[in-house]
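In our numbering, each number is its position in the sequence shown, counted from 1, plus 81. Read through the structure below, which is laid out as structure tokens, and then see the notes.
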Amino acid sequence: MKKPDNLILVIFGATGDLTSRKLIPAIYSLQKQDLLPERFELIGLGRTEITSDIFRQMMEEAIVNYSGEEVDSKENVQKFLANISYRKIAYDNQEDYRNLGTFISQRCSTLDIGNNLIFYMATPPSLYELIAGNLASAGLTKQDSGFRRLIIEKPFGYDLESGIKLNNTLHRLITEDQIYRIDHYLGKETVQNLLVTRFANGIFEPLWNRNYIHRVEITSAESIGVEDRGSYYDSSGALRDMVQNHLLQMVGLTAMEPPSSLDADAIRNEVLKVFQSFQPIKESEVPGQVIRGQYTGSRIRGEAVPGYRHEKNVNIHSRTETYVAMKFFINNWRWGGVPFYIRTGKRLPTRVTEIVIHFKPTPHHLFQRVVGNRSGNQLIIRIQPDEGILLKFDMKEPGAGFNVKNVNMDFHYKDLADVRVPSAYERLLFDVMEGDSTLFSRDDEVEMAWKFVEPVQRAWKNNPEIKIYGYPAGTWGPEISNSLIEGDGLSWRYPCKNLADEELYCEL
Ligand code: BG6
82 MKKPDNLILV IFGATGDLTS RKLIPAIYSL QKQDLLPERF ELIGLGRTEI
132 TSDIFRQMME EAIVNYSGEE VDSKENVQKF LANISYRKIA YDNQEDYRNL
182 GTFISQRCST LDIGNNLIFY MATPPSLYEL IAGNLASAGL TKQDSGFRRL
232 IIEKPFGYDL ESGIKLNNTL HRLITEDQIY RIDHYLGKET VQNLLVTRFA
282 NGIFEPLWNR NYIHRVEITS AESIGVEDRG SYYDSSGALR DMVQNHLLQM
332 VGLTAMEPPS SLDADAIRNE VLKVFQSFQP IKESEVPGQV IRGQYTGSRI
382 RGEAVPGYRH EKNVNIHSRT ETYVAMKFFI NNWRWGGVPF YIRTGKRLPT
432 RVTEIVIHFK PTPHHLFQRV VGNRSGNQLI IRIQPDEGIL LKFDMKEPGA
482 GFNVKNVNMD FHYKDLADVR VPSAYERLLF DVMEGDSTLF SRDDEVEMAW
532 KFVEPVQRAW KNNPEIKIYG YPAGTWGPEI SNSLIEGDGL SWRYPCKNLA
582 DEELYCEL
């Protein structure tokens with residue numbers, strides 16, 4: 082693969098968790114695959130007063146702790162660290178940005194690296210507008226002789242109004258094509274594979290519509306609680322943290338029309354059209370279409386687990402949801418009348434993300450004798466873990482009569498020997514270096530997604546009587562969320578139902 086052009090990557094918030102856990106391992110992995118530019122420099126910025134040596138030590142630890150098996154020789158790690166430096170910055174001090182500009186110019190000429198800059202905001206979102214404003218005032222966002230790209234992480238605002246305000250502020254400073262909004266789900270191989278599954282195969286697309294699909298279900302379950310992110314999470318909740326972005330992006334790729342090309346805007350235009358076709362949920366419909374829950378204390382595999390309200394930095398009376406399940410429709414020719422069900426939650430029995438396409442049954446049941454469940458035809462696209470695809474269909478059970486049994490036909494990524502699945506951040510960082518914004522959320526998509534969840538936010542805010550259901554940590558969320566699924570005896574798919582004493586591994 083061609084290497085990106087030479088560049089300097091500047092990370093704001095470089096001493097934080099995101100840098101250590103995700104960015105550094107991803108950049109290091111790009112170096113290992115020889116995918117970094119020929120000349121590459123990383124400048125870490127933060128409020129903490131530390132030397133570049135200490136910062137390099139911290140980054141070395143990050144590589145050891147978070148790169149897993151990927152760490153190679155000490156020599157290669159040192160080679161990687163040699164291109165890293167650190168500077169203290171006060172985010173609100175314009176002088177610091179001017180000095181940063183001078184420092185960058187010096188590095189550019191000393192290293193003969195050209196003049197391409199990427200700024201990564203690994204800071205709290207409340208600082209995005211301030212930092213972007215100061216970068217622009219210091220002349221650091223002007224694309225004269227090289228590109229200037231800015232990466233921000235979700236959440237992109239807090240609601241529709243603040244989402245629009247963030248976009249407007251950024252647009253006053255830089256152009257939309259300089260902004261890369263990371264939704265790391267789009268960086269996942271299996272999410273991208275949705276496009277290939279749908280649009281490289283002739284067999285699925287003819288069935289991919291209201292005539293053959295009964296319902297679509299998307300689950301993104303996590304077994305972890307809020308860990309040390311209590312104060313962020315308590316002001317966010319599952320709707321903002323997962324639904325408005327990751328889950329809706331997965332809906333977008335599942336429901337979109339075939340794009341005319343693989344061009345970034347061709348794909349994002351189609352996702353936007355899906356978002357524009359969401360049937361708005363009225364405030365009065367929220368209790369019937371959206372279930373919210375919060376985990377309560379419990380024992381998981383013999384160990385006591387605190388309830389959400391007892392987590393660090395969480396308000397003891399918090400009404401923040403750690404679980405959301407919702408039902409909605411997409412009003413267009415392809416999907417009219419097909420219910421979409423999505424759910425996500427923390428402290429569920431396991432970590433699993435999957436998209437389940439439930440096909441309609443045959444119009445007439447010729448074979449009455451069914452062995453096991455009548456689960457019909459389902460296509461399951463497993464995003465994680467045990468990434469792959471599974472098709473469920475009915476077969477004749479050998480023997481007398483016509484007994485029907487539901488069986489699986491599957492593909493697991495792990496069966497592709499020698500194929501390494503890159504991390505989402507690796508893919509996304511490489512794409513920013515290449516200037517490919519296909520896998521990044523565009524301004525209008527983000528605003529439409531906020532518009533869709535806004536009535537839910539409003540209903541919960543204005544009607545405290547809308548219940549927030551408790552569910553014991555380690556269970557699949559409030560029982561009542563099964564009532565969302567229309568149809569006799571139908572429920573969510575429970576991919577790893579039998580809770581054993583050990584950590585669950587959700588095999589596809
Ligand atoms: C993040 C959320 O965007 O996604 C976290 O802020 C969540 O709360 C995480 O845990 C889940 O990502 P993944 O890749 O582990 O499914």
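Glycine included, every Cβ here is placed at the ideal spot set by N, Cα and C.
Contact test: residue i Cβ vs the ligand BG6 heavy atom, cutoff 7 Å
| i | result |
| --- | --- |
| M323 | yes |
| K393 | no |
| H327 | yes |
| E303 | yes |
| T403 | no |
| T132 | no |
| T32 | Residue 32 lies beyond the residue range present for the chain, which begins at 82 and ends at 589; the question has no answer from this structure. |
| H265 | yes |
| K235 | yes |
Residue i, buried or exposed, once every other Cβ within 10 Å from all chains shown has been counted against 16
| i | result |
| --- | --- |
| P559 | buried |
| D315 | buried |
| A163 | exposed |
| I561 | exposed |
| K269 | buried |
| S110 | buried |
| Y201 | buried |
| H439 | buried |
| L198 | buried |
| L497 | exposed |
| A107 | buried |
| Q375 | buried |
| S522 | buried |
| K473 | buried |
| T256 | exposed |
| W541 | buried |
| N248 | buried |
| Q325 | buried |
| Y178 | buried |
| E156 | exposed |
Element boundaries [alpha helix (DSSP H), containing residue i]
| i | result |
| --- | --- |
| N543 | 524-543 |
| L116 | Looking at the DSSP string, L116 is not in any alpha helix (DSSP H), and its letter there is neither H nor E. |
| M140 | 133-147 |
| E351 | 345-358 |
| V367 | 367-370 |
| Y178 | 175-192 |
| V158 | 155-162 |
First and last residue of the uninterrupted beta strand (DSSP E) at residue i
| i | result |
| --- | --- |
| T204 | Segment: none, T204 is in no beta strand (DSSP E) and carries neither H nor E. |
| S518 | Premise fails: S518 is in no beta strand (DSSP E) and is neither H nor E. |
| N336 | For the sequence presented, residue 336 should be read as Ala rather than Asn. Per DSSP, A336 belongs to no beta strand (DSSP E); it is in the alpha helix (DSSP H), 329-336. |
| F474 | 469-477 |
| V90 | It is worth fixing the name first, because residue 90 is Leu in this sequence and not Val. That run of the beta strand (DSSP E) goes 88-93. |
| D491 | 485-493 |
| R168 | 165-169 |
| Q465 | 459-465 |
| I561 | No beta strand (DSSP E) contains I561, which DSSP labels as neither H nor E. |
| Y575 | Counting along the chain, Y575 falls outside any beta strand (DSSP E), and DSSP gives it neither H nor E. |
| I547 | I547 -> no beta strand (DSSP E), and no H or E assigned at all. |
| R501 | From DSSP, R501 is part of no beta strand (DSSP E); its letter is neither H nor E. |
Same chain, Cβ closer than 6 Å to residue i, neighbours up to 5 away in sequence not counted
| i | result |
| --- | --- |
| T434 | S301, I464, Q465 |
| F533 | F359 |
| K427 | E303, G306, T403 |
| I470 | I462, F492 |
| V437 | E298, Q459, I461, R574 |
| F161 | Y109, Q112 |
| S133 | S166, Y167 |
Close-in-space but distant-in-sequence residues of the same chain around residue i (CB under 8 Å, 5 per side omitted)
| i | result |
| --- | --- |
| L99 | A203, E234 |
| D173 | L211, N215 |
| G127 | F93, G94, A95, T96, G97, Y167, K169, I170 |
Residue i CB to nearest heavy atom of the ligand NAD below 7 Å
| i | result |
| --- | --- |
| T434 | With respect to small molecules bound, the structure shown includes the ligand BG6 and not the ligand NAD. |
Neighbourhood of residue i by C-beta, 7 Å cutoff - its chain only, sequence neighbours within 5 removed
| i | result |
| --- | --- |
| Y506 | K103, L104, A107, H265, G268 |
| D153 | K113 |
(Q) For a minimum of 3 consecutive residues, which ranges assigned as the beta strand (DSSP E) are wholly contained in the segment 207-279? (A) 229-234, 260-263
Q: Jot down the residue ranges of each uninterrupted beta strand (DSSP E) in the segment 276-326, minimum 3 residues, whole runs only, in chain order.
A: 294-302
Q: Enumerate, from N- to C-terminal direction, the unbroken alpha helix (DSSP H) stretches of 4 or more residues contained entirely within the segment 386-444.
A: none
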